[in-house]
Amino acid sequence: MDGLAQETIEKIANSSQSLHDIINDLNQILHIRRGNDAYFEEVDLNNILRKVLYTLETDIRLKHAEIKIRADKEIEMRGVKAYFQSIFYNLVSNALKYTNPERTSVININIRKSNDDLVISVSDNGVGIDLENAGDKLFQLYQRVHSGYQGKGFGLFLTKTQVEAMGGIIEVDSTIGQGTTFRFVFSRNI
63 MDGLAQETIE
73 KIANSSQSLH
83 DIINDLNQIL
93 HIRRGNDAYF
103 EEVDLNNILR
113 KVLYTLETDI
123 RLKHAEIKIR
133 ADKEIEMRGV
143 KAYFQSIFYN
153 LVSNALKYTN
163 PERTSVININ
173 IRKSNDDLVI
183 SVSDNGVGID
193 LENAGDKLFQ
203 LYQRVHSGYQ
213 GKGFGLFLTK
223 TQVEAMGGII
233 EVDSTIGQGT
243 TFRFVFSRNI
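This is the structure:
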């Protein structure tokens, strides 16, 4: 077996284990409701993001995507580690899935402090979402806004649920053919 094949097998095994761990963590804590911080801990967001990007490294290479990260150093947030892993994973994998075939995929991830809040945004230059037609169903369970792409319509529902469970709000801006930005604002006083 050549080096590239071995590396690919190792990445798949690591990705599989990482996803398994995330799913196990999520199963343990799905009952968290807003205000119940029994599973909250200080989470190193830069570390979580690095792990997620490592898990998605093969997909990033296959799509020839450029990932640009702007993050405050040593940024931590009191929250649920598995939720942050899932949020980053869902948004970056969606950005990779819905790339615009006419240009190189660029995904911008920003993590910054703003007064007493933490603001996270994930932007892409993909196919975009028709927000007028997607409307309320964008974050509903098993609702899909793009035809011709594989998926269950679960990721954005889960993302919104996790953000809100940690006291955050979610916003989305999108233009068809130009891309999408998901923005999260968390109170750092949780």
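Everything in the sequence shown is counted per this note's numbering, starting at 63 for the first residue and increasing by one.
Note that CB positions come from ideal geometry on N, CA and C, so glycine has one too.
Just so it is clear, the structure is predicted and the values come from calculations on it, not from any experiment.
Pair within 8 Å by beta-carbon distance, residue i and residue j
{"i": "L193", "j": "V234", "result": "yes"}
{"i": "G188", "j": "T237", "result": "no"}
{"i": "I149", "j": "T221", "result": "yes"}
{"i": "F246", "j": "G230", "result": "yes"}
{"i": "L118", "j": "L153", "result": "no"}
{"i": "Y145", "j": "A227", "result": "yes"}
{"i": "L156", "j": "G217", "result": "Note that residue 156 is Asn in the sequence shown here, rather than Leu. Taking 8 Å as the Cβ cut-off, N156 and G217 qualify as a contacting pair."}
{"i": "G241", "j": "D186", "result": "yes"}
Option nearest residue i by Cα separation, candidates the options
{"i": "E136", "options": "H126, L111, F150", "result": "L111"}
{"i": "K125", "options": "M228, D198, I169", "result": "I169"}
{"i": "K113", "options": "F102, K143, Y101", "result": "K143"}
{"i": "T161", "options": "K73, S176, D134, A127", "result": "A127"}
{"i": "F102", "options": "T243, R140, E119", "result": "R140"}
{"i": "F248", "options": "D64, S176, P163, S78", "result": "S176"}
{"i": "I184", "options": "D134, I129, Q68, R123", "result": "According to the sequence shown, residue 184 is Val rather than Ile. The candidate whose alpha carbon is nearest that of V184 is I129."}
{"i": "N109", "options": "Q79, A133, I122", "result": "A133"}
{"i": "I131", "options": "E164, R165, L115, T120", "result": "L115"}
{"i": "D121", "options": "Q147, S77, E104", "result": "S77"}
{"i": "K73", "options": "D178, R123, G241", "result": "R123"}
{"i": "I182", "options": "Q147, R165, N195", "result": "Q147"}
Exposure label - residue i; buried when at least 16 CB within 10 Å
{"i": "L180", "result": "buried"}
{"i": "L66", "result": "exposed"}
{"i": "A75", "result": "exposed"}
{"i": "S167", "result": "buried"}
{"i": "I85", "result": "exposed"}
{"i": "Q79", "result": "exposed"}
Nearest-angstrom Cβ-Cβ length linking residue i and residue j, presumed shorter than 8 Å
{"i": "I171", "j": "L107", "result": "At roughly 10 Å, the Cβ-Cβ gap does not stay under 8 Å, so I171 and L107 are not in contact."}
{"i": "E104", "j": "E69", "result": "33 Å between Cβ atoms; not a contact."}
CB contact below 8 Å: residue i versus chain C
{"i": "I232", "result": "Of the protein chains in this structure there is only one, and it is not chain C."}
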